[in-house]
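See below for the structure under consideration.
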Amino acid sequence: MPRPSRISTLFAGPRQFFFALFLLLAAAPLTAQVDQALYDQGQKIFKGNCASCHKVDKKMTGPALQGARARWEGKGDIYAWIRNSTAYLKTGNAYANQIFAEYNKSVMTPMALTDAEIDAVLYFADNYAPPAPAGGTTPVAAPVGGPQTAPAWPWLLIVALLFAIVWMSLRGVKNQLRSAVSEAEGHGPVANETWWVSLKGWAWRNKAWASVISLLILSYLVVQLWNWAFVIGVYGGDQVQHYKPSQPIAFNHTLHAGKDNLNINCQYCHNSAEKSKHAGIPTANVCMNCHQAVNVGRSEAGTAEIQKIYAATGWDAENNRYTGVEKPIMWNKVHNLPDHVYFSHATHVAVGKIECQKCHGPIDEKMDVAEQWAPLTMGWCIQCHGETEVQMAGNGYYDEVHRRLKENPIGQRELRKYLEDEKITVKELGGWECAKCHY
Amino acid sequence: MPSTKRYWQDLAQLDQAADVIKGREHEFQAPTPLEEVLGDRSFQGASTDRRDFLKFLGFGLGAATLAACETPVVKSIPYVNKPEEIVPGVANWYASTYYDGNDFASILVKTREARPIHIKGNPRHGLNRDPQLDKGSINSRINSSVLSLYDSMRLQGPKKRDGENWTNAGWSEADDAISGQLATIAGQGGRIVLLTPTVISPSIVAAFTAFKAKYATAEHVQYDPISYHGVTTANMRSFGRRAMPGYDLTQADVVVGVDCDFLSSWGNTTEHTWQYARRRRPSDAGMSKHIQFEARMSLTGANADERTAIKPSEVTNIVISLHDHVAKATGGAAVGGTDASCDAATAHAAENLLKARGRSVVLCGSNNADVQVLVNSINMMLGNYGTTIDLDNASNLFQGDDAAVAQLVKDLEAGRVGALLIAGVNPAYTLPETEAFKAGLAKTGLTVSFSGYADETASLCGWILPDHHYLESWNDFNPKPGHYAVAQPTINPLYSTRAWGESLTRWCGQYINWHDHVKGVWRARLEAQGGNADERWYQAVHDGVLVGFVNAPGAVTFAGDVNAAAAAAKASVQGAGEWELQVYTSEAIGDGSHANNPWLQEMPDPITKLTWDNALLMAPADVERLGLNRYIGQEHPASVCKVAVNGVEVELPVLAAPGQKAGTLAVALGYGRGANGEAVGRAACLRDDDGKPMPVGRNAYPFTVRSGGAVSYDVLSVSVTPTGATYPLALTQTHLTDMERHSVVKETTFATWAKHDSQHTYNPPHLLAVHEDVNGDGLINALDKKPVTQIDLWEEHPVEGVGHRWGLSIDLNSCIGCGACVTACNSENNIPVVGKDEVRRSREMHWLRIDRYFNSDMTKARAAEESVGTIAMYTAMERPAENPRVVFMPVMCQHCNHAPCETVCPVAATTHSNEGLNQMSYNRCIGTRYCANNCPYKVRRFNWFNYVTEKFGQVNPAWDEVGRMVLNPDVTVRARGVIEKCSLCVQSIQAGKFAAKKAGRPVKDGDIETACSAACGAGAIIFGDLNDTNSRVRNLSQDERSYHMLEELGVKPNVNYLAKVRNTEAEEAHHA
């Protein structure tokens, strides 16, 4: 959603009013016809039992449910078919066998549903109203950090301009006065010095000041140049912190992992994080675990993005099968550590019990597109190592380390040193040593 | 006022001479001589002038700056469908098997993201595994073989000869053409010969059986380039079984080797290694005694307790003499003719053997059947069959039949062979009669090679159908009765290659892939045995080994005719000349099939320390007698000699080899590959100054001769002529002796060791006079001494009891010096290969070296006795004894707790960890090399160049994109200008600690192995946590033999050595 301008907020009130009015009017005819209780009951049963293989309005593993009752009209017992399709196939029903053949002979799990419940599901399917487009409600690109304050620089510019005008007019007045004095004293009018000449004259007279000021300006320019080089990634480091490359698929972390959204555990997709040094970019087959069923996004754009997964995995959504034509997805790597750094996700996740968000920021709350949240500098790493306590409770490895410390005079001395601040940090167990990360 | 004065330049202007003035409109009056300038030949090379150059410079600088000003976008491409067993960043290990006709070993292959990067011995299964140590023994040829997978000169698909040229062919095209031709040849009754090394694969046998069923004229000839024909023939004559016996050296209290390098090149060396090493560790139950007779100082001889240098022609005498001594004591029949020259030595050996009847073994490396019959007789009289020698479960290896091969060459030459299929051998390079073979090949209608390279033989064939590299292929092996091994692929084939066995099955009409064939053969066998065949097959693939029924030892009756054998053996050594030559296979290169492996070319030979060459080994006395260069160094090239025999002339650089018998010469086989420009692999050639390929070393196979039906590797009379030329050699160690520095190498005898008083004999602590009253005599004087270990110059690192303290213990007794640890370290730690020229400048990059020391006749004691001056004494000490004792000492970073390198680094690039490691941060290093200067062990290596550049492309595997795949992704590839050194495989330590922390348990001893300790099947290198009071390394560090190298420096290393003990009766005097 575009950032609301000041002007548009002026009209927000009436607009919301009209929108509500429109919704009310549009919904009125529907509410008149639909038995909401039955519809809700059907929806609940559908989600609980059917949705993994059926869609209401599209074919999936099984046929679309919308219009199923009508299609079965006069061809057989739809209730028996739904409750136990295998058994019903054995009755030799022609239509049942036709469907079975059409859907790759995939067997439907028997469903212990009453007739009333089946009625409810079919009622829900026949009266199915697709949810309103998600565009208005999901935060696809919501601004981060609340209302934006207007930048200060235009005001500064205006003030600077005013100062410049005042200074120039004062200078003009001064020159005229000097000229007048000179003329009055009979020296003729003073030649109008350009500002450059006068500046040079001033600099010549005040060499110390001039050199200090030019040094300051020079330093400022060098620092600016340096920072600019950081921004464009010449050195890496602090300024690449918010590196946020565009990606071949506009994957939305907030939507998938956000607490208020799908709330999928990070390690469901990044499942090597606790086993390997790489957290790993999820392989496309992991996406397909859900997206084989979820083929519609919350917006048109979202649906288009899901199609890209299908293109990568060679999934033919029409016929519910893999074509075998695979095209790997080339993601743009967000977190680039130098080659000589060995960072292990596994150690931090499985042993250190560090939350992903500690380094990756509010990726589940505020990042639609993944960005580098931490500076990933060595200073940042060892700062955390210096503060973080080692998670040693109940870990036999650390029990052994502790035992050795206690049994030896040198160890006891070291242990006392560790415990001066009443906690044992990663640093104290060697977390600041070179070969822990560089080899 | 405007001036009205006019000025004129010259008279012409004043006169307004029109013709002159007109010309002046142009600055340059003559037309620009463009044609002339452009036509000038000297200008043709230069197409830009100065201004253009500046423009380009400016533009280039600007463009480069602009181009650099962009955040580099790194792509990351996950799997579409991730294989279940792969976790990116985590290594998978697969059991497999190595067999190349010479070496056999059960191995584990480490793969990262589905590409093999490292090989170690299988610690749980296999003939090469020591069940007590749980370590698989392999040699450097085996662990380096992973690199040959990524050789960019491998053939990428089938090739078909088209006159002088090669064209690429498709597999189906090849199959159609060849099976058609085979059918025609078989139909006409023409012979179809399959030439292979010894085949121990049941699947290949099954494939050939099917092939023979289809083509009735097919026959199989087994050809071992390094022949054991004499041994197998002797067993045929002695026991009626043509086989190579199985040996069990763990049972042998006394081992006598006669010209037999059984630890490096004779028999199943990977099995011998651990068996031998186990009995070399001194214990109160004793240690084995090893007596060796040989001409060249071999790896085996270097490990012997007693060694006698003999000429190759004397082998017969030694064996006969030994035979008669044993016969005399056991009541056997003497064969007569003991030679007085060797009687004392053989009597001594026989005495030892007779003390250990049934617990001894005599091994002889001769390929002469008559000599081997006598050896069998000796072992029979000693009662060794059934204990140390097993004929009932004889080895299936080395079944090559020299007589059949010789006949085949004759038949080829006579045009009596219709088709020749060659797999796994390179006869055009290795045969004694290569010219006859080549001529015969040209006369043969259909010649097919299954070689992976267009090598010496393949390049002469009509078709080359490249076989997989063994890491890409399924296979099965039956090295001895009841023992089966499975090889599984660890990577998809890189190129369009095919298992050669599959070609056989396809040509007999079975369109079945090789995996299905192998599995089918096994399913049939396992189903016949009952049980769940599938389950057992998968278990076999998982373990790499399937153990079945073993034959019970039966009665062995010796039926050989020793008198005839002795007579024939004596006759065979008639005509020995002034110089006798022996050709041998070196530890690194073997029979030459590994010559294209740069890790192996750069691995120093264990004895000579020579890299990238073979040389003519000569006794130092002979070298001096001929006036040749004895000292070889960067500025001291070797003298070249021409060796001639029977029309074969080879010029070779001469290397003085201590221990070589005077009057004998030795040359390593396996060098000089690709001499005619054949594409035998990337590193098989060096480049000369013009960039032309130059073979590495010289081919010594032409010296081999057929003698008595078998190939002989001894030439009894050659002529040696110095040519006056010189040739540079690259040696990694140019000093020979340890100069009696007991703080480097500590050595004693078993008798001394057995007194268990090491502190006062061979392993005294180094004492330092201190300014305090230590002895309590009330005086502070020179008598007040403290062990140097109790004195610290700096504050000590808190090590004892604080977390881990990683360390190594190296047993100089079990170390046989083979160098498997060196190549394993190369593979694990991405160590660059630098090539001959850099090695010559002492710039080799190995993190781990094996120092080899000879002893000298001169000692300090002797000098004092004989009043030899100091300078004369040290000069004499530099010269090894004529028949020196040898010590191998693996040296890597000692990880000192008071590391001298750490204190001198100006940028703190090398620091100490609280786990006892001396850490090296490459990105902090600025290359001052102060640390290398200050390191007393000289283990720090400097990256003089960026080795991943074209300059080193010929030798360094990391240069091309295929070779790069062998790199270990867990270890940084170092850049130019930084120091590097052994990290104690910190990547494995970190991985092992993580595994323990994740499982919530302490690190178990043996969980973490360094590359060197895992590679050492002899168990000489033990890694572990010195702070773990129950660990092996802790116990070994407290052993009475344990010492630190250069202890007097007080640097307190975390690597300790166990003193060398030799099993000799004599007690030795030691300087306390």
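Note that the protein sequences, when read in sequence, are chains A and B. If you read the first sequence in my numbering, its first letter stands for residue 1, the second for the next number, and so on. If you read the second sequence in my numbering, its first letter stands for residue 440, the second for the next number, and so on. Built from N, CA and C at the ideal position, the CB exists for glycine as well. Bear in mind the structure is a predicted one, so any value in this text is a computation, not a measurement.
Going by the CB atoms, is the gap between residue j and residue i shorter than 8 Å?
{"i": "LYS919 of chain B", "j": "ASN835 of chain B", "result": "yes"}
{"i": "ALA1348 of chain B", "j": "ASN1382 of chain B", "result": "no"}
{"i": "TRP913 of chain B", "j": "ALA938 of chain B", "result": "yes"}
{"i": "GLN1429 of chain B", "j": "ARG1291 of chain B", "result": "no"}
{"i": "THR283 of chain A", "j": "LYS1443 of chain B", "result": "no"}
{"i": "ILE631 of chain B", "j": "ILE639 of chain B", "result": "no"}
{"i": "VAL1472 of chain B", "j": "GLY411 of chain A", "result": "no"}
{"i": "THR785 of chain B", "j": "ILE828 of chain B", "result": "no"}
{"i": "ALA279 of chain A", "j": "HIS270 of chain A", "result": "yes"}
{"i": "TYR686 of chain B", "j": "GLY706 of chain B", "result": "yes"}
{"i": "GLY1086 of chain B", "j": "TRP1018 of chain B", "result": "no"}
Throw me the rounded Cβ distance for the residue i and residue j pair, which I believe falls under 8 Å.
{"i": "TYR1110 of chain B", "j": "ASN1053 of chain B", "result": "4 Å"}
{"i": "GLN1073 of chain B", "j": "ARG1279 of chain B", "result": "5 Å"}
{"i": "ASN395 of chain A", "j": "GLY696 of chain B", "result": "Contact flag wrong, Cβ pair sits at about 53 Å."}
Check whether the Cβ of residue i lies closer than 8 Å to any Cβ atom in chain B.
{"i": "ASN206 of chain A", "result": "no"}
{"i": "TRP331 of chain A", "result": "yes"}
{"i": "GLY237 of chain A", "result": "Reliability of the predicted coordinates at GLY237 of chain A is poor, the pLDDT of 47 falling under 50, and the value obtained from them is presented with this limitation in mind. No, GLY237 of chain A lies away from the interface with chain B (no Cβ there is under 8 Å from its Cβ)."}
{"i": "CYS269 of chain A", "result": "no"}
Counting only beta-carbon separations shorter than 8 Å, does residue i have a partner in chain A?
{"i": "ILE516 of chain B", "result": "yes"}
{"i": "VAL1512 of chain B", "result": "What the structure shows of chain B is the stretch from 440 to 1511, and residue 1512 of chain B is not part of that stretch, so it cannot be assessed."}
{"i": "ARG1380 of chain B", "result": "no"}
{"i": "PHE1433 of chain B", "result": "yes"}
{"i": "PRO1237 of chain B", "result": "yes"}
{"i": "ASN520 of chain B", "result": "yes"}
{"i": "SER1352 of chain B", "result": "yes"}
{"i": "VAL529 of chain B", "result": "yes"}
{"i": "SER760 of chain B", "result": "no"}
{"i": "GLN1358 of chain B", "result": "yes"}
{"i": "VAL960 of chain B", "result": "no"}
{"i": "VAL1394 of chain B", "result": "no"}
{"i": "LYS1436 of chain B", "result": "yes"}
Residues of chain A with CB under 8 Å from residue i, in chain order?
{"i": "TYR1361 of chain B", "result": "HIS340, HIS438"}
{"i": "LEU1247 of chain B", "result": "In chain order: nothing, as chain A lies at least about 16 Å away."}
Look up residue i in the DSSP assignment and say whether it is helix, strand or coil.
{"i": "TYR268 of chain A", "result": "helix"}
{"i": "HIS981 of chain B", "result": "helix"}
{"i": "LEU965 of chain B", "result": "helix"}
{"i": "THR425 of chain A", "result": "strand"}
{"i": "ASN818 of chain B", "result": "helix"}
{"i": "ILE382 of chain A", "result": "helix"}
{"i": "HIS1174 of chain B", "result": "coil"}
Starting from the beta carbon of residue i, find every residue of chain B whose beta carbon is closer than 7 Å, and list them in chain order.
{"i": "VAL401 of chain A", "result": "GLY1242"}
{"i": "LYS427 of chain A", "result": "What LYS427 of chain A touches in chain B: nothing, since even the nearest Cβ is about 11 Å away."}
List the residues of chain A whose Cβ lies closer than 7 Å to the Cβ of residue i, in chain order.
{"i": "VAL512 of chain B", "result": "PRO245, ASN332"}
{"i": "ARG1440 of chain B", "result": "GLY396, TYR397"}
{"i": "VAL526 of chain B", "result": "SER272, LYS275, SER276"}
In chain B, which residues lie less than 8 Å from residue i when you measure between Cβ atoms?
{"i": "ARG404 of chain A", "result": "GLY1240, VAL1241, GLY1242, ASN1466"}
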